[in-house]
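Q: In our numbering, the protein residues as written are 164 to 342.
From the three backbone atoms N, C-alpha and C, an ideal C-beta is built for every residue, glycine too.
What follows is a single structure, and I will ask about it in a moment.
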């Protein structure tokens with residue numbers, strides 16, 4: 164998750180100038196619209212991760228943390244198509260489904276978020292955390308701890324090189340008692 168937040172900060176550096184230019188072109192009302200900024204941020208997010216993972220097989224955040232994205236079972240970097248599928252599935256699960264849950268909830272409760280903003284923010288936060296749990300729910304030893312987005316795209320995240328403690332055996336030598 165540390166590499167994810169590094170990449171979010173880096174992609175924000177790209178998003179801010181784009182948002183500023185669009186607000187200058189379309190006026191101040193652009194930023195008040197809930198769909199335009201979200202669309203710009205999500206498209207930039209998808210483009211950033213797709214390009215980095217498709218071209219280099221890693222993002223700057225993953226590289227700093229020693230991770231690489233590979234095609235599961237082949238060990239090669241993913242194609243742009245696989246990288247796009249991986250990022251789109253992640254974005255759909257983490258960002259898209261909570262909005263869908265909120266939209267469905269609006270039919271059951273008060274549809275105006277301004278009348279009860281606390282209720283709306285709590286329900287969105289719960290939906291967001293539920294989606295993160297869904298994303299992590301498929302991670303098992305038998306599938307290499309792959310998330311839903313990795314299962315859909317046929318990719319996996321690997322560590323570039325093992326840490327020193329991992330490369331050494333955790334089992335002491337057989338003659339350790341004799342010394």
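At 4 residues or longer, and completely inside the stretch 216-258: list those alpha helix (DSSP H) runs for me, N to C.
A: 223-228 and 243-254
Q: Just reading off the beta strand (DSSP E) that residue 305 is part of, what are its end residues?
A: Here the question's residue 305 lines up with position 142 in the chain shown. Taken as a continuous stretch (DSSP letters only), residue 305 belongs to no beta strand (DSSP E), as it is neither H nor E.
Q: Does the stretch 249-263 come into contact with the stretch 281-296, if we say contact requires no fewer than three beta-carbon pairs (one atom in each stretch) closer than 8 Å?
A: yes
Q: For residue 318, write down the residues that DSSP places opposite it in a beta bridge.
A: By 1-based counting over the chain shown, the position of residue 318 is 155. In DSSP, residue 318 forms a bridge with 234.
Q: Going by DSSP in three states, residue 328 sits in which element: helix, strand or coil?
A: Within the chain shown, the letter at position 165 stands for residue 328. For residue 328, the pLDDT reaches just 47, beneath the cut-off of 50, and the residue's location in the model is therefore unreliable, although a value from the coordinates is still provided. Residue 328 falls in the helix class under three-state DSSP.
Q: Counting beta carbon pairs with one atom in the stretch 239-251 and one in the stretch 173-188, are three or more of them shorter than 8 Å?
A: no
Q: Could you check if residue 302 belongs to the surroundings of the ligand HEM, using beta carbon to heavy atom distance under 7 Å?
A: No copy of the ligand HEM occurs in the structure displayed, which carries no ligand at all.
Q: How about residue 215 and residue 166: are their beta carbons less than 8 Å apart?
A: Counted from its first residue, the chain shown places residue 215 at position 52. Counted from its first residue, the chain shown places residue 166 at position 3. No; because the gap between Cβ atoms is not below 8 Å, this pair is not in contact.
Q: Hey, residue 235 and residue 317: beta-carbon distance below 8 Å or not?
A: On the chain shown, position 72 is the one that residue 235 refers to. On the chain shown, position 154 is the one that residue 317 refers to. In contact: residue 235 and residue 317 (Cβ atoms closer than 8 Å).
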